[in-house]
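Numbering (the numbering used here), first residue to last: 1065 to 1390. Right, one structure below, let's go through it.
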């Protein structure tokens, strides 16, 4: 005898419900084991320091160990690919910066797509860039500098940590917004760029803010003309937003938390809640600011909107300026 159609349909519904149950139960019980945060950069850098500052608060809030694992290589693409291919259960997360969005526009085979291979969890921190010049430049404000550079095309050199580095892209963005012809002098890493502007080897530098750079500004060894954040930043005393002169200009370094794309929304929401609570803790905020990052949370939707907008913006700049990785 064949089972009654309604009985058979009921059995199928029960089977489907049973199949869906483990994922639902797993999301409800999340987390039930250690969580790994992959940092796609070497130990000691700002991204790594911020991720490790999150470790203890997140462990207490989530009730499970949080492990920070460095997987550097291939301009952060190695770590990004690892997490993109990890089980989408919330136990393997990625803590990158803007490089996550920029690298696929520079490298043809990045191995991941930032907008489709990840579920944004939260924005975690912002680090403003500072625009400084050597004191030999006869300009004390950003409008004066723009006027001087326009009157002297090709005479202003700027340093970056290398072709296609964030500082290079942000300076191209600045030059285009201001209508300037600036000469790019690439260096190998961030430290030599600071020395270059201090010595006068280059006239201008758009670089991440730091306590050391603030000291050089205070001592008058470089002149601060602006910050890249939309609003004045407590990390850069006296910094006037570049956007006051060039409307809508913004080029912060961001740091955020991502999960693999198919991670259940309940799991993403649990992680987002924990990040939000951790970022309110005064001790964590102090550690972030010491490392040069301003603690800033967001919803997953806000983080997705940010990386979508940035991806489009950087893609246009990279294409128009024909920027290539070397």
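In this text, a Cβ means the ideal position worked out from N, Cα and C, and glycines have one as well.
Excluding the 5 residues flanking residue i on each side, which residues of the same chain have their C-beta closer than 7 Å to its C-beta?
i            : result
residue 1072 : With a pLDDT of 49 at residue 1072, under the threshold of 50, the modelled position of that residue is not reliable, and no figure is offered here.
residue 1373 : none
residue 1362 : 1186, 1187
residue 1237 : 1315, 1381
residue 1351 : 1117
Buried or exposed for residue i, going by 16 or more other Cβ atoms inside 10 Å?
i            : result
residue 1167 : buried
residue 1298 : exposed
residue 1276 : exposed
residue 1380 : exposed
residue 1365 : exposed
residue 1085 : Low per-residue confidence applies at residue 1085: pLDDT is 46, beneath 50, and the placement is therefore not dependable enough to give any value.
residue 1149 : exposed
residue 1316 : buried
residue 1272 : buried
residue 1096 : exposed
residue 1107 : exposed
residue 1329 : exposed
residue 1279 : exposed
residue 1344 : exposed
residue 1314 : buried
residue 1083 : Any reading at residue 1083 must be qualified, since the residue scores a pLDDT of 49, below 50, and its modelled position is unreliable; no value is offered.
residue 1336 : buried
So, for residue i: in the same chain, excluding its five sequence neighbours on each side, which residues have a beta-carbon less than 6 Å away from its beta-carbon?
i            : result
residue 1245 : 1217, 1218
residue 1077 : Residue placement at residue 1077 is flagged as unreliable, the pLDDT there being 45, under the threshold of 50; the coordinate-derived value follows with that caveat. Same-chain partners within the cutoff: there are none.
residue 1382 : 1169
residue 1199 : 1287
residue 1283 : none
residue 1376 : none
residue 1241 : 1310, 1313
residue 1290 : 1195, 1206, 1304, 1306
Do residue j and residue i come within 8 Å of each other at the CB atom, strictly closer than that value?
i            : j            : result
residue 1325 : residue 1230 : no
residue 1360 : residue 1187 : yes
residue 1170 : residue 1130 : no
residue 1264 : residue 1288 : no
residue 1143 : residue 1122 : no
residue 1215 : residue 1209 : no
residue 1184 : residue 1387 : no
residue 1267 : residue 1197 : yes
residue 1201 : residue 1212 : yes
residue 1177 : residue 1141 : no
residue 1293 : residue 1125 : no
residue 1152 : residue 1323 : yes
residue 1378 : residue 1164 : no
Within the same chain, show all residues whose beta-carbon is closer than 8 Å to that of residue i, passing over the 5 residues directly before and after it, in chain order.
i            : result
residue 1251 : 1223, 1224, 1225, 1226, 1257, 1260
residue 1059 : Residue 1059 is absent from the structure shown; the chain starts at 1065 and stops at 1390.
Would you grab the beta carbon distance between residue i and residue j for me? Rounded to a whole angstrom, and I think it's under 8 Å.
i            : j            : result
residue 1102 : residue 1156 : 7 Å
residue 1207 : residue 1309 : 6 Å
residue 1262 : residue 1286 : 6 Å
residue 1161 : residue 1111 : 5 Å
residue 1114 : residue 1319 : 5 Å
residue 1010 : residue 1270 : Limits of the chain in this structure are 1065 at one end and 1390 at the other, which puts residue 1010 out of reach.
If we cut at 8 Å on Cβ distances, does residue i have a partner in chain C?
i            : result
residue 1234 : In the structure shown, chain C cannot be found, because there is only a single protein chain.
Output the residue ranges of the beta strand (DSSP E) runs that lie fully inside the stretch 1210-1252 and measure 3 residues or longer, sorted by chain position. 1221-1224, 1247-1250
Go through the stretch 1167-1211 residue by residue and report every complete run of the beta strand (DSSP E) that reaches 3 residues or more, in order. 1182-1191, 1193-1197
Scan the stretch 1282-1320 and note each continuous beta strand (DSSP E) run of 3 residues or more that stays entirely inside, going in chain order. 1287-1291
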